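Since the structure comes first, as structure tokens, the remarks are kept for the end.
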Amino acid sequence: MSYGPWDVIVAGGGVSGCMAALSASRQGARTLIVERYGFLGGSLTNAGVGPMMTFHAGKRQVVTGLPQELIDRMIEKGGCAGHIEDTTGYASSITPFDAEILKVTLDEMMSQSGVEVLFHACLTGVEKDGEAIRALQVQTRGGKLELRGTVFIDATGDATLSFLAGADVRQGRNSDGLCQPMTTNLKVRCVDVERVKAEIRNKPHNFNVKDPSAMDRAPLLAMAGFYEEFNAAKVSGEISTEREDVLLFETVRPGEVIINTTRVIRLNPIDAWELSFAEIEGRKQAHELIYFLRKRCAGFERAELISTGVQIGVRESRRVMGEYLLTAEDLLSSKIFDDSVVLGGYPIDIHNPVGAKTNTTHLEPGRYYSIPLRSMIVKGFDNLMVCGRCISATHEAVAAVRVTPIAMGMGQAAGAAAALSAKKSGKLRELNVADVQKTLKAMGASIC
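For the sequence shown, the working numbering begins at -18 and goes up steadily by one.
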């Protein structure tokens, strides 16, 4: 059965896709967002990812506009702490939030902005006419649907729409195609956070603490450490995670933390068999960790596992080849492109695809970079854009721009560009970049 046409169709209901849909709809485009689960939010709601990091480069907030509106709305509901200091010193800021509040806030924003939402729909194919996509094909519980549109945005994270359309895609690092590890996050309650802080003060060598006074300033704790305990547990065989520490973030609920420590390596996140094994391995590591924490780590004696994600967290999979390939050199040189539509300040953060350790390259304090519109336009297509971690970028560059705030900024830009294109020729390469930038500035976005 065929439906539509819509001016803009967004495939993928993560926060990047949500910002794209909101941005397009608020520019007057009839907009549909298609999501495989029964809720929006992507990895923040289906994989237990949190907090968001980072909206800032030093003291300057570089991700603004619709992403900040989302934060403000969650703060009003008591479901977000706002932008606070990262007590590990790793990022310029972190933004803790409640995933259930995020879900309902996104629902409200879609409804109020006139975005049509289709849940429980899995993308299975596309209808093409030369270099243009004419429709998406999705499988629902009630059967197959055809969704016709003018401009399409791939916000699937895995570049699924682009892949099905025959776009040129890449995966993983150049040397062997391996992607960054997958992670099963744990949400844990009944943690004595004050005791954890006391342990950090008593044994600073056992934690990554650049400035202990940050724990007094920040309302919520971010921590990496328990090095000695972690190593002892690895030696004894209590835990099998290929990592060297416990990384945790306090949530907006007292005594509750998100633990980002499991590491599933050498598996392909777009191969169903390997992904299935990764889910099992991630849960195994998660349960090893909770027993380890109770046994060995101060403040976790009464800790209880609330949940793991609906699915394992994926840092990297397929990326499209677009009109421009964003590189690490672009980011580290703080390049501001003529067609800049998004800013970011997160470091290049590469989790080792084959073992422990993380390779991080920070920008100079306060420096930031831009993402060009060309990196979001899929090469060889008139009317297909991408946003989020599947943009046209190298393995190293994606390791920086994949994070939530920057992905939301990309979504905001993609939606604005798609709406403008739908009003005109429907050919993205014919867009006047200045018009896109003007629209984004009017929405409150920072682009230079």
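Note that beta-carbon positions come from the ideal geometry of N, C-alpha and C, so glycine has one too.
This structure is a prediction, so every number in the text was calculated from the model and none was measured.
Unbroken beta strand (DSSP E) stretches of 3 residues or longer found wholly inside the segment 192 to 267: 203 to 206, 227 to 231, 238 to 240, given in chain order. Going by beta carbons, residue 218 and residue 245 fall outside the 8 angstroms limit. Our two residues, residue 310 and residue 284, have alpha carbons roughly 43 angstroms apart in a direct line. In this structure residue 91 is buried. Its beta-carbon is surrounded by 16 or more other beta-carbon atoms within 10 angstroms.
Close CB contacts of residue 375 within its chain, under the 6 angstroms cut and outside five residues either way in sequence, are with 308 (chain order). Straight-line spacing of the CA atoms in residue 427 and residue 221 works out to 43 angstroms.
In this structure, residue 332 lies away from residue 342, with their beta-carbon atoms at least 8 angstroms apart. Counting other Cβ atoms within 10 Å of its Cβ, residue 415 stays below 16 and is therefore classed as exposed. When only Cα atoms are considered, residue 85 and residue 156 end up about 42 angstroms apart. Within the segment 369 to 426, the complete alpha helix (DSSP H) segments of 4 residues or longer fall at 376 to 382, 385 to 404, 414 to 423, listed in chain order. Ranked by how close their Cα comes to the Cα of residue 230, the residues 68, 9, 45 have 68 in first place.
For residue 296, the CB contacts under 6 angstroms within the same chain, skipping 5 residues up- and downstream, are 161 in chain order. Per the C-alpha coordinates, the member of 216, 36, 351 positioned closest to residue 385 is 36. Separation of the CB atoms of residue 166 and residue 240 is rounded to 7 angstroms, and the pair is thereby assigned contact status at 8 angstroms. The beta carbon of residue 378 sits closer than 8 angstroms to the beta carbons of 307, 308, 309, 311, 312, 329 from its chain, once the five residues preceding and following it are set aside; these are given in chain order. Around the CB of residue 235, fewer than 16 other CB atoms lie within 10 Å, so the residue is classed as exposed. In the displayed model, residue 302 falls within coil according to three-state DSSP, outside both helix and strand. Rounded to whole angstroms, the gap between the alpha carbons of residue 290 and residue 317 is 37 angstroms. Each of 243, 358, 73 was checked against the Cα of residue 327, and the nearest Cα belongs to 73. For residue -2, DSSP records no beta bridge to any residue.
Rounded to whole angstroms, the gap between the alpha carbons of residue 292 and residue 254 is 14 angstroms. Contact between residue 82 and residue 55 holds, with the beta-carbon distance rounding to 5 angstroms and staying under 8 angstroms.
Per DSSP, the unbroken alpha helix (DSSP H) holding residue 48 starts and ends at 47 to 57. For residue 93, the enclosing alpha helix (DSSP H) stretches over residues 80 to 94.
Two segments are said to touch when three or more pairs of C-beta atoms, one from each, lie closer than 8 angstroms; by this definition the segment 44 to 53 does not touch the segment 347 to 358. Cβ atoms of residue 364 and residue 409 come within 8 angstroms of each other, at about 6 angstroms. If you compare the alpha carbons of 179, 322, 173 with that of residue 274, the shortest gap goes to 173.
Beta-bridge partners of residue 28 (DSSP): none assigned.
In this structure, the straight-line span from the alpha carbon of residue 314 to that of residue 103 is close to 40 angstroms.
Around the beta carbon of residue 168, 16 or more other beta carbons sit within 10 angstroms, so the residue counts as buried. Going by beta carbons, residue 396 and residue 0 fall inside the 8 angstroms limit. For residue 23, same chain residues with a beta-carbon under 6 angstroms away, outside a window of 5 residues either side, are -5, -4 in chain order.
Residue 31 has its alpha-carbon roughly 22 angstroms from the corresponding atom of residue 208.
Within the same chain, 172, 274, 275 come within 7 angstroms of residue 281 by CB-CB distance, once the 5 residues on both sides are set aside. When the beta-carbon positions are compared, residue 373 and residue 305 come within less than 8 angstroms of each other. Spatial neighbours of residue 381 in its own chain (CB-CB distance under 7 angstroms, excluding positions within 5 residues in sequence) are listed in chain order as 312, 325, 327, 328, 329, 330.
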